[in-house]
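In what follows, a structure is listed as structure tokens, so that the remarks can point back to it.
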Amino acid sequence: MKFQLKRLWFQILTFFSINLGALGLRTGFCFPLFYCHACPSATSACPLRSFEKSVYKGSFALDSILYPILILGFFGTITGRAICGWACPIGLLQRATGGPARQLKKFKFVKRIGSYRFEPILRYTKYIMLIGLVFVTPYFIGFMFTDVCPIGVLTGTMPIILLEPYKFVPSSFFWYAMIIFILFIILIFLVERGWCRYFCPIGAFLAPFNKISMIHVDVDLEKCVHCNLCSIECPMGIDVPNMYKDPECILCGKCVNVCPRDAIAYGRF
Amino acid sequence: MNKFFTIQICLLLVISVTFVGMVYYTDIYDKTQGGIVEVLCLSCIKLFPLTSTDFTFETGTGEPHPDFIWESLRTGPVFLHYSEDACAACDVMFPSVTEFLQVKPIKDKSFYKLTSVDDKPVHYYYIYLDDEATSEEQLHTFEIYDKDHIHGLPMFSVVTINYAHSGVIEPYYTTLYGQFEDTDEQRIEFFSELMDEAFQLYDENLPGFIK
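Order-wise, the sequence lines are chains A and B. Residue numbers for the first sequence follow our numbering, so the first one is 58 and each next one is one higher. Residue numbers for the second sequence follow our numbering, so the first one is -13 and each next one is one higher.
In structure tokens, the structure reads:
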């Protein structure tokens, strides 16, 4: 449990450090996680915006595309998707909604959502979102993802409306974005880490790095008794005993903590 | 395992060296800071600033109006039009402004023209924030004329002159932000009314200003 408390502290610390813009710290870096630069206190840029800008309406700015790739690649190579589990503020939010999501699993309807046969296929949606909405649509049509991004609503629109309620009026995308935001909230209450599992484009970018990252979670199959406690505990719904550098693993360490035989451990290199 | 570790270290080195090289040798850091972090992304917040045409003497930063504005004001009001790369609302507003002022700037190049509206001279400055050729003085006006501290694009400022409380005639300006009105015709009508007010103030105060 102490380990999970450390992770919580790390998440809270990251949350405050990415909001140092409130003290005037506005850097030219991109976040290696999902957070909107439109947030009045954000310190850095959303990597997705940099991607979108680099390919906007047929343009191709190599530097703007390479820059967030290198930042995400750096963290991805070292930690894989641990960023999602340890640093991302949206991960922190979903950690908070994870409890209610587990409670709601008692209801048959909710339990079914995560157990449909197409559920593993649904996880590919995030890759489609990354390629389709972050690269393809800006190239051919214009911005679409940022216009309806639920994280933008949560971390950009809402603080601005609260801080300066008389300065702004809704744009034509506002209500569409609000509907998507409400669906996002419903999703994270119904499915534990639903956003990370199915829709997060940053998660989609970091996921392949789990295959080559220096830190990962290993299962000692000789020690494993297939009690399945780890899979039940896993917020990403991974079949832990049978995973090997799974792209979905966010290295939260819950399986490591829960294993009664110490068969699961963090592996390095 | 050693082989895999070597690959990981090599990859990390390549990423780190490329990243440091990019930050050191290119303007990507400034570009991200100035073009994404410091400019309010209206598309990201799904909101448009409320358009208020109230004129004011007080600049956004409290600094004095730049020299080129003072110089231009000797012959007519000034219309400042700000834009940047990959700005959807800038693209929407661009044709309305160019049609209204009868100017033909290239979208990604800063531009100046002494044009006219109803046969009255207007200094049109198209300031493209991502154009490397844009002067620092012009770029800085983006802060100076950010009346409501919105820091969002597109931004339009109309500078005219008026009698200030200090007893002298000084630049008097208003700033509009983002996308407003639904059609080009409505926007042209809107700009036309705004310029009428600017011309009226200009004509009333010009004799005292030139002195």
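Even for Gly, the Cβ is constructed at its ideal location relative to N, Cα and C.
- With distances taken between CA atoms, B/Gly21 lies nearest to B/Ser69 out of B/Gln88, B/Tyr131, B/Glu85 and B/Ser69.
- Under the Cβ criterion of 8 Å, A/His94 is counted among the residues facing chain B.
- With respect to chain A, the C-beta atom of B/Phe(-9) has a partner C-beta closer than 8 Å.
- Interface flag for A/Val248 against chain B is unset, since no Cβ pair is found closer than 8 Å.
- With a cut-off of 8 Å on Cβ pairs, the stretch 299 to 309 of chain A is in contact with the stretch 138 to 150 of chain A, counting three or more such pairs.
- If the five residues before and after B/Pro81 are omitted, its C-beta is found closer than 7 Å to the C-beta atoms of Asp170, all from its own chain and listed in chain order.
- Residues are counted here when their Cβ sits less than 8 Å from a Cβ of chain B; for the stretch 208 to 230 of chain A these are Gly209, Val210, Gly213, Thr214, Ile217, Ile218, Tyr223, Lys224, Phe225, Val226, Pro227, Ser228 and Phe230, given in chain order.
- Each of B/Met8, B/Pro193 and B/Lys32 was checked against the Cα of A/Leu119, and the nearest Cα belongs to B/Met8.
- Nearest CB-CB separation between A/Tyr196 and chain B: not below the 8 Å threshold.
- A/Ser111: member of the alpha helix (DSSP H) spanning Pro104 to Ser111, first to last residue.
- Excluding sequence positions up to five before and after A/Val315, its CB lies within less than 7 Å of the CB of Leu286, Cys287 and Glu290, all in the same chain and listed in chain order.
- Within the stretch 149 to 189 of chain A, the runs of alpha helix (DSSP H) that reach at least 4 residues and sit entirely inside it are, in chain order, 165 to 170, 176 to 179 and 182 to 185.
- By the CB criterion at 8 Å, B/Pro63 and B/Tyr163 fall outside the cutoff.
- According to the DSSP assignment, A/Leu119 belongs to the alpha helix (DSSP H) that extends over Leu119 to Thr136.
- Within the model, the alpha-carbon separation for A/Ser121 versus B/Thr4 is close to 13 Å.
- By the Cβ-count criterion, A/Asn299 is exposed, with fewer than 16 other Cβ atoms from all chains shown falling within 10 Å of its own Cβ.
- Closer than 8 Å to the CB of B/Phe5 there is at least one CB belonging to chain A.
- Secondary structure note for B/Thr101: its beta strand (DSSP E) is the uninterrupted segment Phe97 to Val103.
- For A/Phe117, the closest C-alpha among the options A/Phe256, A/Phe197, A/Ile69 and A/Ile217 is that of A/Phe197.
- For A/Asp204, the nearest CB of chain B lies under 8 Å from its own CB, placing it at the interface with that chain.
- Cβ atoms of A/Ser98 and A/Cys87 stay farther apart than 8 Å, at about 17 Å.
- Straight across, the Cα-Cα distance linking B/Ser38 with B/Glu122 is about 27 Å.
- Around the C-beta of A/Phe225, 16 or more other C-beta atoms lie within 10 Å, and the residue is accordingly described as buried.
- In summary, the residues of the stretch 266 to 280 of chain A whose CB is separated from some CB of chain B by less than 9 Å are Ile269, Ser270 and Met271, in the order they occur in the chain.
- For A/Thr203, the enclosing alpha helix (DSSP H) stretches over residues Phe202 to Val205.
- Checking the DSSP bridge columns, you'll see B/Thr160 partnered with B/Val144.
- Collapsing the DSSP output to three states places A/Gly115 in a helix.
- Close CB contacts of B/Ser58 within its chain, under the 7 Å cut and outside five residues either way in sequence, are with Val64 and His109 (chain order).
- Every alpha helix (DSSP H) of 4 residues or more that sits fully in the stretch 252 to 300 of chain A is shown, in chain order, as 258 to 263 and 286 to 290.
- Cβ-Cβ distances below 7 Å link A/Leu220 to Pro97 in the same chain, with the five nearest sequence neighbours on each side left out; the list follows chain order.
- Counting other Cβ atoms within 10 Å of its Cβ, A/Trp252 reaches 16 or more and is therefore classed as buried.
- CA-to-CA, the gap between B/Gly194 and B/Cys76 works out to about 37 Å.
- Here the stretch 172 to 185 of chain A makes no contact with the stretch -9 to 5 of chain B; the two share fewer than three CB pairs at distances below 8 Å.
- Shown here is that no member of the stretch 80 to 111 of chain B has a Cβ falling below 8 Å from a Cβ of chain A.
- Around the beta carbon of A/Phe60, fewer than 16 other beta carbons sit within 10 angstroms, so the residue counts as exposed.
- Under the three-state reduction of DSSP, B/Ser2 is assigned to helix.
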